[in-house]
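K.L.:
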Amino acid sequence: MAAAGGASSVITQVQQAGGPPINTLGDIGGDEHITLDLRGTRFTLSRDELLTLPEFVLLSLFPNGLLPDGHMGTFHEGDIYPVDYDPASLQYMLDFFRSVAQSIPLSSPSPSTSHDVDVAPDSMQASARDMLQDRAGIIVLREDLDFYAIPPRPDISHTEMMEVKRAAAKALLKQDGIFSGLRKSDEAGSTEQHLIEMLTAGGFDRDDRWGHRAPEPNKAVICSLALAKLRTDIRSDLENNNAVGMAQKLLLFWRKPARRCWWEGVELHDVEGVDGKVKIWIRRVWTLEMVRLSRKIPDLQELR
């Protein structure tokens, strides 16, 4: 696996498993629209709108490419394509992108008069300045939490165990702090601590909660999503020089989704229908990616 930020990167870049790259979008005009049916909720998006989405989201929406092999010439505007993806998660992302895009100035101020990017020229690399000129950076953080409940007693039936899993999922949903699963490694220099520092320097706060958090249907999986606008107001004095560097590192994840996975064992108390505690094994997979938005983002639509 290649490290996105070099050998010392705190999150590892990996190739997404699944279908081919989303280069098939090039066969659809920017002004043509695709209607997706996400578990009963329809979204109508243009090619340009689709290309504002993170790479890992596109790969989730189209694991086999935009259209199946051999059907590239059969695309017709108005066709509806079913997709197994959480519609509330996508709507949260589209709403956030629209809000940020509308806040971008129509014209970028000159470097000598800019107050939006309050970083000295010698502390911000030219490539970073170019990437965000007339644009806004969005940090996209997703967590896929798989959990495995240990039977609270040896004679429990399958039906009862299913109820325990549902109750455990409800308890885990309430633990919605973004960094709550990382704070057990607060010791200085730990990988988790570096990850928290990078994300909080970039735009998150330590007490932030997931913007969207919901269980996947018929699975012991909870998917969470959090978005933050990349901070560009960090002054480059000695005290904040490290924060500037941390924020710059996030630009390495533009169109390069990265993942980190770890396990932990927890004990849940007050689980509905269970006397005592329930032991849970949790596997967290974090996916991190940067998105750049321009002011001229098209209007994002949803059809119900």
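Using numbering that gives the first Met the number 0, the letters of the sequence shown map in sequence onto residues 0 to 303. Here a beta-carbon is modelled for each residue, glycine too, at the ideal position from N, C-alpha and C.
1) Mind checking Cys222: buried by the 16 CB within 10 Å criterion, or exposed?
2) Below 8 Å on the Cβ atoms is my contact criterion, and I expect Leu226 with Ile138 to pass it. Report the Cβ-Cβ distance as a whole number of Å.
3) Report all residues from its chain with a CB closer than 7 Å to the CB of Met197; omit the five preceding and five following residues, and keep chain order.
4) Whole angstroms is fine: what's the gap from Pro110's alpha carbon to Asp133's?
5) Measuring straight from C-alpha to C-alpha, what distance separates Arg38 and Tyr80?
6) Output the distance between the C-alpha atoms of Leu287 and Arg141, rounded to the nearest integer angstrom.
7) Inspect the CB distances between the segment 83 to 95 and the segment 205 to 212 and report whether three or more fall short of 8 Å.
8) Since Ala135 contacts Ile103 with CB under 8 Å, what's their CB separation in whole angstroms?
9) Taking Arg283 and Leu144 to be in contact with their CB atoms under 8 Å, please state how far apart those CB atoms are, rounded to whole angstroms.
10) What number of angstroms, rounded off, separates the C-alpha of Ser156 from the C-alpha of Gly77?
11) Spell out the partners DSSP gives Arg212 in its beta bridges.
12) Examine chain D for any beta-carbon lying closer than 9 Å to the beta-carbon of Gly275, and answer yes or no.
13) Taking the alpha helix (DSSP H) that Ile195 belongs to, which residues open and close that run?
14) Is the Cβ-Cβ distance between Phe42 and Gln101 less than 9 Å?
15) Quick one: Cα of Phe96 to Cα of Arg230, how far?
16) Under the DSSP definition of a beta bridge, which residues are partnered with Glu142?
17) In terms of residues, what are the limits of the beta strand (DSSP E) holding Asp36?
18) Which two residues bound the contiguous alpha helix (DSSP H) that contains Thr40?
19) Give the range of the alpha helix (DSSP H) segment to which Pro86 is assigned.
20) Express the C-alpha separation of Glu191 and Ala200 in angstroms, rounding to a whole number.
21) What are the boundary residues of the beta strand (DSSP E) that includes Leu267?
22) Grouping DSSP H, G and I as helix and E and B as strand, with all else coil, what is Gly244?
23) Just reading off the alpha helix (DSSP H) that Val163 is part of, what are its end residues?
24) Leaving aside the five residues before and after Ala167 along the sequence, list all residues of the same chain whose C-beta is less than 7 Å from its C-beta, in chain order.
25) Taking 9 Å as the cut-off, decide whether the C-beta atoms of Leu181 and Leu172 are in contact.
P.N.:
In this structure, then:
1) Per the 10 Å Cβ criterion, buried.
2) About 7 Å separates the two Cβ atoms, so the contact holds.
3) Hits under 7 Å: Val9, Met245, Lys248, Leu249.
4) At Pro110, the pLDDT of 48 sits below 50, so the modelled position is not reliable; the number obtained from the coordinates is stated separately. The straight-line gap from Cα to Cα measures roughly 12 Å.
5) Using only the alpha carbons, I get a separation of about 11 Å.
6) About 7 Å.
7) The segment 83 to 95, when compared against the segment 205 to 212, does touch it at the 8 Å Cβ threshold.
8) About 5 Å; that satisfies the 8 Å criterion.
9) At roughly 5 Å, the Cβ-Cβ gap stays under 8 Å, so Arg283 and Leu144 are in contact.
10) Straight-line Cα distance between these residues: approximately 48 Å.
11) DSSP output for Arg212 lists Ser223 as bridge partner(s).
12) No chain D is present in this structure, which holds just one protein chain.
13) Counting along the chain, the alpha helix (DSSP H) containing Ile195 begins and ends at 190 to 201.
14) No, these two residues do not count as a Cβ contact at 9 Å.
15) If you take the alpha carbons of Phe96 and Arg230, they lie about 15 Å apart.
16) Beta bridge pairing from DSSP links Glu142 with Ser223, Trp285.
17) Asp36 -> beta strand (DSSP E) spans 32 to 37.
18) Counted as a single uninterrupted DSSP element, the stretch harbouring Thr40 is not any alpha helix (DSSP H) but the beta strand (DSSP E) occupying residues 40 to 45.
19) First-last of the alpha helix (DSSP H) with Pro86: 86 to 102.
20) Distance from the CA atom of Ala200 to the CA atom of Glu191, rounded to whole angstroms, is 14 Å.
21) Per DSSP, Leu267 belongs to the beta strand (DSSP E) from 257 to 267.
22) In the structure shown, Gly244 falls within a helical segment according to DSSP collapsed to helix, strand and coil.
23) Taken as a continuous stretch (DSSP letters only), the alpha helix (DSSP H) holding Val163 covers 157 to 172.
24) If the five residues before and after Ala167 are omitted, its C-beta is found closer than 7 Å to the C-beta atoms of Phe146, Ala148, Leu267, Val270, Val277, Ile279, all from its own chain and listed in chain order.
25) No; because the gap between Cβ atoms is not below 9 Å, this pair is not in contact.
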